[in-house]
Structure formats: C-alpha cells, structure tokens
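There are 2 protein chains.
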Amino acid sequence: MSTQGEASEVETYVYSLGAAAKRAARQLARAPAATRNAALLAMADAIEASADTLRNENAKDLEAGRANGLADALLDRLELTPERIRGMADGVREVAALADPVGEIADMRQQPSGLTVGKMRVPLGVIGIIYESRPNVTIDAAVLCLKAGNATILRGGSEAIHSNLAIAEVIKRGLAAAGLTDACVQVINTRDRTAVSALLKMDEFVDVVIPRGGKGLIQRVSEDARVPVLYHLDGICHVYVDDHADLQMAEDVAFNSKTYRYGICGSMETLLVHVQVAANFLPKIGLRFSEHGVEMRACARAQPLLKNSLAATEADWQTEHLGPVVSIRVVDDMDDAIDHIESHGSHHTDAIITNDLQRSQRFLREVDSASVMVNAATCFADGNQYGLGAEIGISTGKLHARGPVGVVGLTTQKFIVHGDGAIRG
Amino acid sequence: MSTQGEASEVETYVYSLGAAAKRAARQLARAPAATRNAALLAMADAIEASADTLRNENAKDLEAGRANGLADALLDRLELTPERIRGMADGVREVAALADPVGEIADMRQQPSGLTVGKMRVPLGVIGIIYESRPNVTIDAAVLCLKAGNATILRGGSEAIHSNLAIAEVIKRGLAAAGLTDACVQVINTRDRTAVSALLKMDEFVDVVIPRGGKGLIQRVSEDARVPVLYHLDGICHVYVDDHADLQMAEDVAFNSKTYRYGICGSMETLLVHVQVAANFLPKIGLRFSEHGVEMRACARAQPLLKNSLAATEADWQTEHLGPVVSIRVVDDMDDAIDHIESHGSHHTDAIITNDLQRSQRFLREVDSASVMVNAATCFADGNQYGLGAEIGISTGKLHARGPVGVVGLTTQKFIVHGDGAIRG
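Line by line, the protein sequences give chains P and D. Counting from 719, one number per residue, gives the positions in the first sequence under the numbering used here. Counting from 719, one number per residue, gives the positions in the second sequence under the numbering used here.
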C-alpha cells in the first residue's frame, strides 16, 4: 500500500477491494464479448425489476439530504425518478449494443527480422471512479468499464450512499446471471474519506483513476494520486468569429454554443470577435443574448457595441460560468484570438467561424485543445456526437485519451509478436 | 508551482525553464517537418564538428568520477569515445530520416449531425526527461522529442554535467541553424536535487515526465510527481516452453533470450518449462547455459535435471538479474505458467514456445504484458525491431504508450470537427 505505519481499518478494507478487483480483472480479460454483454443485458432487466427498491433506497438519501440542508439543485441531481430509472436501463442496453473493442488486432506487419509485429486491444485492468452525488454515474461508469473488459471500484458521493449500494446490488445480479464474479464491480461502502486516498495510492492494483467532480475533489486527487489519473477538468470553451466568417452562421453557432445547455462542459464561455466585424456582428448577437437572459461581460472595445453589457474583469476570461453568462472580447486578428485561447482557455473545445481555408487549417493545427472545430457549435463536444457511443467523460489531459472518452479509451494496446523460432544474432 | 511558502532559487530557475519550454512548444507545434529535420541534421553536423570539445568536457566528468571512486562500469557508460560521438551523430541523422508523425489526420467520418469528426496527431508539448549518467541520452532523448515536435527539459546525472552541458551547446547550434529558439531543448544546469522535484510538480508547463534510471530514482518520481509520468520499469521477462513446442526451437530461443545481451530489459530472467518436456529439455539447455557461464537457479523439480544448478529462492522469481543468471521453474501446464508470469513478472515481455495454435492464442490474449510473443526471443523487444525506429524507452505502464515508445508515442491526438454552421437543437 506504500503507506507508512499501520494500515487503518478503512485502508485494509479498500486494499481488499483492490486485490479482489485485480483477480476479477483477469477473469474479465478472458471473458468473451458475449459474456460481458449478457451481464449488461441482465443488469438492464434487473434495474427495471428493482425500480421500487431503488426508489425506496433513494428516498433515504433524499430525506437525509433535505435534513442536512442540501441545495435544491443537488437534491434534483440525487433523485431517481421512474423516468431516470428507465433511462438508466436504456443506457445500459445501448452500451451492450456497442461494438466490442477487446481483442481487435491491428497493424500486423512483417519486420526485416522475419517477425510479424502488431497490436492487440485489451482492457486496462482495474479502473477506480471517484464521483459526486449523482447515483446514475454508478451504473453508467460501471457498464462502460465492464463493456471494455475492466473491473471497477466506485466511490460515489456519501449523500448518495443508499442509492449507490442499491444500484450495486442490481449490478451484482447482472454479473451473476452471466457467471461473472461480484468483484467485477465494487462500490466502496463507507463514508470515510480516507477510502479515497487509499484508492489513489493502490498502484499495485489500480491501473487508472477517473475523478468526476468539482475543484476540491480534483485538487485532492492530484495531491494524493500515485496511480495514473484521467482528468476531466473545466471547459472554458471559445468561439472565435473571424472577419472572413458568414456572420449569420457565426451568430447562430455562437448563440447555440452558449445557450444549448448552460451546464455542459462544452458550452461556450467566451466569444472572441475580429475587430473588423465587431461593429456589424456584436449588436445583433447582443440583442439575442439580452432577449434570452444571458448576461454579457465585455471588454472595453466590445462594451459600447453591446447594450446591457457589463465590463469584463480579468477573472471572467478564465471562469467556467456554467450558466447564462458570456464573456465577450474583440481581438485584432486570429493570432490575437489564438493567444487568448492558449493563455486563458482550458484546452477543452474551441471553434473558429470562418470561410477562409488557410485560417481554418491554421486554427485546427495551432489551437492546443482536445477538440478544435470549424464552423460548428462547441456544445457538440461529446462522445455520442463524435460517434463513440456513451462516454465516461471528456478528458482534458493529453495522455492516453484526449477529449470524449468512450469504451475504446478504457482499453489499451499491447504488442503481439509472431516468430518461427526467431533469434537475434 | 503548487508548492507552499517561498520558492527557492533552484525552484525559480526550473520554473523559468518550464515557462520558456511552454512558449517554445507553441513555436515547435507550428514548425513544419522541414524545419525540425533541418535542426536535427545541423545538430548531427555540429556533433561531429565539436568532437574535440565534447571529449575535453567529458574528460572533466571522467576525472571527477575517478576521484569520487565511481565504479568502472559507470565510468565506461560515462565515457564519450570518438566512436560513440560518431554514433551519436549517426543516430540523429536516422531520427531525421524517420517519417514525420505530426499533423497526420485519421478516422475522419461524417456523423448523423452532418459534422465530420476525426483526429489530428499533434505534439504532446513539453517533455521532461530525468536520467542517470549516460551522456548520450541527452542527445538521443532531445532529438526524438524534437522530431515529434516537443520541447524538452533534460536533467541528467550530475556525474555527467560537463558532458551534458557541452552536448546542450551543440544542440543549440542545431536549433539556431533552423531558426528555432534555444528553449526547444534545455538542460538543467545545477546538481541540486530539488531541481528534480520542481520539474515533477510543474504541471502548468510540463505535459509528461519520462524517468530513466534505477529504483531509487523511480521511487522519488512516483512520490513527487504531479505531472503525468511514463514509467520504464524492470524487465522480468519469461519464456514458457510448452509441451507442444519444437524443443530444438525452444532451446535456441530460450538461450538467445538470455544470452543475446544480459544488460537489456528484454533479456529473459525466468525460464518456465512444462513438466511433460522437462526431463527431455532441461539437461540440454542446462549444458548450454553451463558452458556459457550462465548461473542457473532452479526450482525443486528442475534442479535434479540441471547439472551445476543452485536452488532458487522466492526472491529469484522477481529479480531482474541483468547478468548471466537465469531462474528456471517446472510448471504443471500453461495456466500454471501464466499464473507465475502474472504474479511474479513485470508485464514487460513474455514469450511462449509452442506449435499449438489455441494455446498460442490464449497466451497472447491472457498474458497482460506490454509485449507478448509466440516462438520468438524476448530480446527482440525494442523499437527498432518493431519498426518504430529509435525508441525513448520501453513503457511498462498501460496508459498512452505501452511497450517500446518511438516518435509516435511522443505525440497525442486531438479531435478535429468540421461543420457548415452546425448547431444542436
């Protein structure tokens, strides 16, 4: 466990989950797609059959949440309605229907030595998921990991613990129906926060941890983690309206990027406008934002062109508002726009609106973000829209998986080598 | 810098290297392949033109090393002979001649929304390399990273500091000849060990750190790192001789796997032999090992079949000998062999010798190692033999790059999205 002194009871417990997950991962790596899919379909059925139990357990969490003064928005995220329970079951069946990523062999080529060398796609092994209070993450994350052949250790927010443990029971029934061990999906059943640190340090068992949550969680993870981490950080996304843009298209795309859904990480936070088109473009989109109740925080050059706008502060350029607020800035040219994106953005998703081919190519190449778009709304940044199927999140890191992470991102490739008695001389 | 209190002088210095590297990485990401290759070719010329200077500076390190009682093996690794200097220049020219990985666009597909979504290969950004006293790593690592469009911060062993700084001067001349900034390749010029911790914590500037060195270095890295790390750990590699093997082939491959070069991480450390063929196979290979001066440490079933062998201890099964020592064990069947590999190996490279197709397929699928081989010697595990060109190392981690890491492993892919004014409804 690499910790000093004696392990606490919680550490010993988490360690036992890790050891069991590692053994389960070997079983899963051998299990054919048919077995994994059978488990998923059985889970979907079990979810529907257990709707009443799930709602009863969820009611305990809701009651405790209300007693503890949880905010309405959090209570809403916590609640399992009949529709959400049906949605969970449907989501599981969609994942079961995805193409199987495991075992794919690619790039087999004969080398000068006579060896044939290529790659085989295989599960990562054991994945830890740390997330906040939405109980549906328990099932969504577990099934994506299972589809990709991985064992999972889940640690949800303590406010949802009854819901999560009830979902874990349903998952177990699905696993059992396909002859897979319980330990393929384990939910940490303690509210003790040292369980998270223990999970993050267990590098002999855990191949990667995926944290889903706010800045507090992310900071703790980055301080404690010895295991590799796939981060899903802020989306401070930009739309840059070039002077060679179709301005009607620019207006529609920028408006949609902000207003499609305020709460998603692909939502536009900052609109950048080329100085040559600002006078023509800004009053029109300003009116639309204003009528839609979107608060505008503008730079000194943009503010006079935007009725009802406020002056932007330096902090606005690096804030993920996740609400009806947009920062707006006039830039001198595309280089100025790219400089702004590189110095204030979060490397998540950024778009250019232009009809100039060379500029579109430079923007695609030079903007160092997980998704770079031309003439499309930033809110398209998700795994389903990219053809990946369901996603576990949108990675803002550069290693392994960048941008939306679907089942393939939950696998790895090993080299496979065929010889005929080859030796090196 | 995420450290508490005031930054020390060394931390401030390393931080300034990080900021400069980040700016250089943006310049490099825009530089076409022709520019990066021109820098590489100019470096190769500069190495040859500076051979005398390199040897003079290297002599200072050798003298200090002798005065400090450095072991002969380490002094040998430290020395820059005329042949090694020529080898460095040739190596740089080979990297320049590799196919360029940057800018490759793949998997562009139209999605139901009308968007076209695909991936573009781009540099990782800023790479930190921490290594021990071989000065040729300075040039090898820098040129591979530069080929892939990355800026590099190098921290070599302090015993080689004069050699490394002299090589850094040569690298700068190459960069200048192609119009690239100095900061594309920077060598940390202090012996102060806090420089390493500072580098490992600078997650706003450093995209990945690659440590090359012994267990002490690796442990410090894993404790201090906030930045992602590509680990290159032990190679405890196995050859399993199945009862369906061609025993002459098995003997040749196993012998070659051990004796081709003792010091490489792909060298076989443990030979596993199916009980049904042990009596026939072991005496013959035992004789070859014995004649070749290879010490055998054998399990209780193998020892009577191997003249001059010692009894293996539990520690032998998990030791990377890197020398003329081999551990030998008789196993009941392939499952027993796989269990041994999974519980004692290091997930580096493992081979089966068999003519049974189903067993070869199960072994390929179930052994969770970076390279899994059928009827080939483990010592083939390297980037050149796999057709990747020069390698920066052999990753034993599962994320991002697994097994030999060439220039492609030093890049990442971002999503690129083309629309025609697409909005989400």
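Every residue, glycine too, gets a C-beta built ideally from N, C-alpha and C.
P:Ile-1141 versus D:His-1062: straight-line alpha-carbon distance, rounded:
25 Å
Could you run through the stretch 1109-1135 of chain P and flag, in chain order, every residue whose CB is less than 9 Å away from some CB of chain D?
Gly-1115, Lys-1116, Leu-1117, His-1118, Ala-1119, Arg-1120, Gly-1121, Pro-1122, Thr-1130, Gln-1131, Lys-1132, Phe-1133, Ile-1134, Val-1135
Partners in chain D for P:Tyr-1144, counting only beta-carbon separations shorter than 9 Å:
The structure shown does not extend to residue 1144 of chain P, since chain P is modelled only from 719 to 1143, so the question has no answer here.
Can a CB atom of chain D be found closer than 8 Å to the CB of P:Met-719?
Confidence in P:Met-719 is poor, its pLDDT being 42 and thus under 50, which makes the residue's placement unreliable; the coordinate value appears in the next sentence. With 8 Å as the cut-off, P:Met-719 does not count as an interface residue toward chain D.
Is there at least one Cβ from chain D nearer than 8 Å to P:Ser-734's Cβ?
no
Residues that P:Ile-928 bridges to, as DSSP identifies them
The partner list for P:Ile-928 (beta bridge, DSSP) reads P:Ile-847.
Quick check for students: name the residue ranges of the beta strand (DSSP E) that lie wholly in the stretch 864-918 of chain D, counting only runs of 3 or more.
869-873, 903-905
Host alpha helix (DSSP H) of P:Gln-994 (start-end):
993-1009
Whole runs of the beta strand (DSSP E) within the stretch 1093-1140 of chain D, excluding any shorter than 3 residues:
1111-1113, 1121-1123, 1129-1140
The alpha helix (DSSP H) with D:Tyr-1213 in it runs from where to where?
Residue 1213 of chain D falls outside the range modelled here, since chain D spans only 719 to 1143, and no answer is possible.
Delimiting residues of the alpha helix (DSSP H) encompassing P:Ile-982:
That residue, P:Ile-982, is in no alpha helix (DSSP H); it is neither H nor E in DSSP.
How would you label D:Met-826, buried or exposed, when you count the other beta carbons within 10 angstroms and need 16 or more for buried?
exposed
Spatial neighbours of P:Thr-1130 within its chain, please: C-beta separation below 7 Å, excluding the five flanking residues on both sides.
Val-840, Leu-842
What first and last residue would you give for the alpha helix (DSSP H) that runs through D:Gln-1036?
Element bounds for D:Gln-1036: n/a, residue is neither H nor E.
For a contact defined as C-beta to C-beta under 8 Å, what are the partners of D:Val-1012 on chain P?
None at all; the shortest Cβ gap to chain P is about 16 Å.
Of the residues that make up the stretch 922-956 of chain P, which ones have a beta carbon closer than 7 Å to any beta carbon in chain D?
Contact residues of the stretch 922-956 of chain P toward chain D are Asp-925, Val-926, Ser-940, Arg-944, Pro-946 (C-beta to C-beta distance below 7 Å).
Interface flag, D:Cys-983 vs chain P, CB-CB below 8 Å
no
When you compare only the Cα positions, how much space is there between P:Ala-739 and D:Pro-1022?
Going from the Cα of P:Ala-739 to the Cα of D:Pro-1022 covers about 39 Å.
Residues that P:Ser-1015 bridges to, as DSSP identifies them
Here the sequence assigns Arg to residue 1015 of chain P, which means Ser is not the residue at that position. Answer is P:Leu-1028, P:Ser-1045, bridged to P:Arg-1015.
Please list, in chain order, the chain P residues whose beta carbon lies closer than 8 Å to that of D:Gln-829.
Neighbours of D:Gln-829 in chain P, taken as residues whose beta carbon is under 8 Å from its own, are Gln-1103, Tyr-1104, Gly-1105 in chain order.
Does DSSP put D:Ser-720 in a helix, in a strand, or in coil?
Low confidence applies to D:Ser-720: its pLDDT is 43, below 50, so where it sits in the model is not reliable, and the reading given next is rough at best. Under the three-state reduction of DSSP output, D:Ser-720 falls in the coil class, being neither helix nor strand.
Is there a Cβ of chain D sitting closer than 8 Å to that of P:Met-1144, yes or no?
Given that chain P is displayed from residue 719 to residue 1143, the structure contains no residue 1144 of chain P and the question cannot be resolved.
Interface residues of chain P facing D:Asp-1053 [CB-CB closer than 7 Å]
Ordered by position in chain P, no residue passes the 7 Å Cβ test against D:Asp-1053, which lies about 11 Å from the chain.
For chain P, find out if any of its Cβ atoms is closer than 8 Å to the Cβ of D:Asp-818; answer yes or no.
no
Nearest-angstrom Cα distance between D:Cys-863 and P:Ala-1099?
Approximately 30 Å between the Cα atoms of the pair.
From this set, D:His-992, D:Ala-807, D:Thr-908, which residue's C-alpha is nearest D:Ser-876's C-alpha?
D:Thr-908
Neighbourhood of P:Asp-1074 by C-beta, 7 Å cutoff - its chain only, sequence neighbours within 5 removed:
Asp-960, His-962
Apart from the five residues on each side of it in sequence, which residues of its chain come closer than 6 Å, Cβ to Cβ, to P:Met-986?
Cys-955, Val-957, Ser-975, Lys-976, Thr-1096
Give the residues of chain D in contact with P:Cys-1097, contact being defined as C-beta atoms less than 9 Å apart.
Scanning chain D for C-beta atoms nearer than 9 Å to the C-beta of P:Cys-1097 yields Ile-1141, Arg-1142, reported in chain order.
Would the stretch 745-759 of chain D and the stretch 924-935 of chain D be scored as touching if the rule is three or more Cβ pairs under 8 Å?
no
For D:Lys-1025, which residues from the same chain have a beta carbon less than 8 Å from its beta carbon, with the 5 sequence-adjacent residues on both sides left out?
Pro-1001, Gly-1004, Leu-1005, Ser-1008
I'd like to know whether the C-beta atoms of P:Ala-760 and P:Gly-892 end up nearer to each other than 8 Å.
yes
By Cβ distance below 6 Å, which residues in the same chain neighbour D:Ile-765 in space, the five residues on each side in sequence not counted?
Met-806, Ala-807, Val-888
DSSP puts P:Ser-1089 in a beta bridge; with which residues?
P:Thr-1067, D:Phe-1133
Can you tell me where the alpha helix (DSSP H) holding D:Val-813 begins and where it ends?
800-815
Can you pull the DSSP bridge partners for P:Leu-989?
P:Val-957, P:Ile-1046
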